[in-house]
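With the UniProt record's numbering, the residue at position 145 of the sequence shown is 145, and numbering never jumps.
A quick write-up on the structure given underneath.
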Amino acid sequence: MPADTHTDKSAKGTRTQVLLAGACAGLISRFCIAPLDVLKIRLQLQYHSLAEPLAGPVSRTPIGVLRLARDIFRHEGITGFWKGNIPAEGLYLSYGATQFLAYRSANQVMEALEESAGLKLPGAAKSFVSGAAAGTAATTITYPLDLLRTRFAAQGTEKVYAGLIASLRDITRLEGPAGFFRGLPAGIAQIVPNMGLFFALYEGFKPLTADIHLPFGSGDAVAGISASILSKSAVFPLDTVRKRLQIQGPSRARYVSGSRMPAYERGVAGTLTAIVRKEGWRGLYRGLSVSLVKAAPASAVTMWTYERALHLLQSAEGQRQDGFE
1 MPADTHTDKS
11 AKGTRTQVLL
21 AGACAGLISR
31 FCIAPLDVLK
41 IRLQLQYHSL
51 AEPLAGPVSR
61 TPIGVLRLAR
71 DIFRHEGITG
81 FWKGNIPAEG
91 LYLSYGATQF
101 LAYRSANQVM
111 EALEESAGLK
121 LPGAAKSFVS
131 GAAAGTAATT
141 ITYPLDLLRT
151 RFAAQGTEKV
161 YAGLIASLRD
171 ITRLEGPAGF
181 FRGLPAGIAQ
191 IVPNMGLFFA
201 LYEGFKPLTA
211 DIHLPFGSGD
221 AVAGISASIL
231 SKSAVFPLDT
241 VRKRLQIQGP
251 SRARYVSGSR
261 MPAYERGVAG
271 TLTAIVRKEG
281 WRGLYRGLSV
291 SLVKAAPASA
301 VTMWTYERAL
311 HLLQSAEGQR
321 QDGFE
């Protein structure tokens, strides 16, 4: 029994290996999906009633996404699709590392509790709790970078901040340290069920895709895509609330949403209620289609890169140890 436990834990990698593999997965994933992320944020920050005719160039149809992309390219250039990429790379790098490390640590804690209490929890329950804990830790630690990513992506042709250093200075001066954590409750309320569901579904789908024997290790990618689409759809309204809250503050009217974006001052529940009252239930799901399109490559690249990077790190460690023997 001890030998089996050791083998299982070794297969998951050391803390350093998990940290490096998670960071690598987050870094590569972010760069690949940056344009879709900008489109999603711009759609989430559109403010109008879906029961009324649209006043702007973006329609409710999928063509609206193409028009938005064309408008960004025309007025902001190709680099407009990577707005906020510097804080976003830092976000995905640190988030990926923290997430996978916290997930591994939470799993180890639960395994230790099982051994000491003589209990056996269902695998899905363990994955949900570990995923929720990992998501909460990663979201809280990296939230200021998430806020900066949103604010830079929400800048149109008018620059709200001259650069990354200027944004740090201006937010600190005008909003105080709390300004970096606007919308954090919505982020945590979203990430707990999102990551809990994601890891529970991923661990459930992974054996199924392994039995299909897909080429190039793509079973991990398919499992990641499926888990991400289902979990993200369930909590998307809270993501919209988080984005709306993140651009609150003295510069609210200067973002792409303009002066139409109202001030939300009653927290997560009040913001949800205000969006539904003014824009209808569909207002909570602006950008969902782009988000799901983004979820597929993001999760596929993240999980595929993580598994491959972890395998390479373990192989390199094994070769190094063999060299010393």
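Backbone N, C-alpha and C fix where the C-beta goes; we use that ideal spot for every residue, glycine too.
Skipping 5 residues on each side, what residues in its chain have a beta carbon closer than 6 Å to that of residue i?
i, result
"residue 309", "21 and 24"
"residue 197", "231"
"residue 295", "228, 229 and 232"
"residue 223", "202, 205, 206 and 209"
"residue 149", "84, 87, 88 and 91"
"residue 33", "294, 297 and 298"
"residue 259", "253"
"residue 110", "126"
"residue 60", "The predicted model places residue 60 with a pLDDT of 43, which falls under 50 and marks its position as unreliable; any figure quoted below should be read in that light. Closer than 6 Å at Cβ, skipping near neighbours: no residue."
"residue 219", "209 and 210"
"residue 302", "25 and 29"
"residue 307", "220"
"residue 72", "80"
"residue 411", "Nothing about residue 411 can be reported from this structure: the residues present for the chain run from 1 to 325 only."
Could you name the residues of the same chain whose beta carbon sits closer than 7 Å to that of residue i, not counting the 5 residues immediately before and after it, in chain order?
i, result
"residue 138", "95, 98, 99 and 102"
"residue 179", "171 and 249"
"residue 58", "Legend: pLDDT at residue 58 = 41, less than 50; position of this residue unreliable, no value from coordinates given."
"residue 239", "190"
"residue 107", "126 and 130"
"residue 212", "219"
"residue 268", "185, 186, 189 and 241"
Considering only C-alpha positions, which residue in the set the options is nearest to residue i?
i, options, result
"residue 290", "16, 39, 28 and 199", "39"
"residue 285", "66, 42, 130 and 121", "42"
"residue 156", "33, 242 and 76", "76"
"residue 293", "247, 36, 243 and 279", "36"
"residue 29", "247, 243 and 221", "221"
"residue 177", "152, 193, 192 and 147", "147"
"residue 272", "27, 302, 78 and 241", "241"
"residue 136", "193, 113, 212 and 107", "193"
"residue 326", "16, 78 and 71", "Outside the displayed range of the chain (1 to 325) lies residue 326, so it cannot be described from this structure."
Which whole-angstrom value describes the C-beta separation of residue i and residue j, a residue pair presumed to lie in contact below a C-beta threshold of 8 Å?
i, j, result
"residue 199", "residue 131", "3 Å"
"residue 270", "residue 276", "The pair is not a contact, with the Cβ atoms about 11 Å apart (cut-off 8 Å)."
"residue 195", "residue 134", "6 Å"
"residue 245", "residue 182", "5 Å"
"residue 166", "residue 225", "Actually they are not in contact, since the Cβ atoms of residue 166 and residue 225 sit about 38 Å apart, beyond 8 Å."
"residue 118", "residue 313", "So it is not a contact: roughly 34 Å between Cβ atoms."
"residue 121", "residue 115", "Not confirmed; about 12 Å, so no contact."
"residue 247", "residue 154", "6 Å"
"residue 278", "residue 44", "The Cβ separation is near 15 Å, so there is no contact."
Which same chain residues end up closer than 8 Å to residue i when comparing Cβ atoms and leaving out the 5 residues on each side of it in sequence?
i, result
"residue 274", "262, 264 and 266"
"residue 93", "23, 26, 27 and 30"
"residue 288", "233 and 236"
"residue 128", "196, 197, 199 and 200"
"residue 19", "97, 100 and 101"
- Inspect the CB distances between the region 224-244 and the region 166-178 and report whether three or more fall short of 8 Å. Flag = no, the region 224-244 and the region 166-178 do not touch.
- Counting pairs of beta carbons, one from the region 253-263 and one from the region 154-166, are three or more of them closer than 8 Å? Touching, yes, given that three or more Cβ pairs across the two stretches are closer than 8 Å.
- Message: Three Cβ pairs or more, each shorter than 8 Å: is that satisfied between the region 143-153 and the region 176-192?
- Response: A contact is defined here as three or more CB-CB pairs under 8 Å, and the region 143-153 meets this definition with respect to the region 176-192.
- Sequence ranges, alpha helix (DSSP H) only - wholly within the region 133-176, length at least 4: Counting whole runs of 4 or more residues, the region 133-176 contains the alpha helix (DSSP H) stretches 164-175.
- Where in the region 187-262 do unbroken runs of the beta strand (DSSP E), each at least 3 residues long, occur, reported from the N-terminal end onward? The region 187-262 contains no whole beta strand (DSSP E) run of 3 or more residues.
- What are the uninterrupted segments assigned as alpha helix (DSSP H) that are 4 or more residues long and contained completely in the UniProt repeat "Solcar" (13-109), given in chain order? Runs of the alpha helix (DSSP H) lying entirely within the UniProt repeat "Solcar" (13-109), each at least 4 residues long, are 15-44 and 62-76 in chain order.
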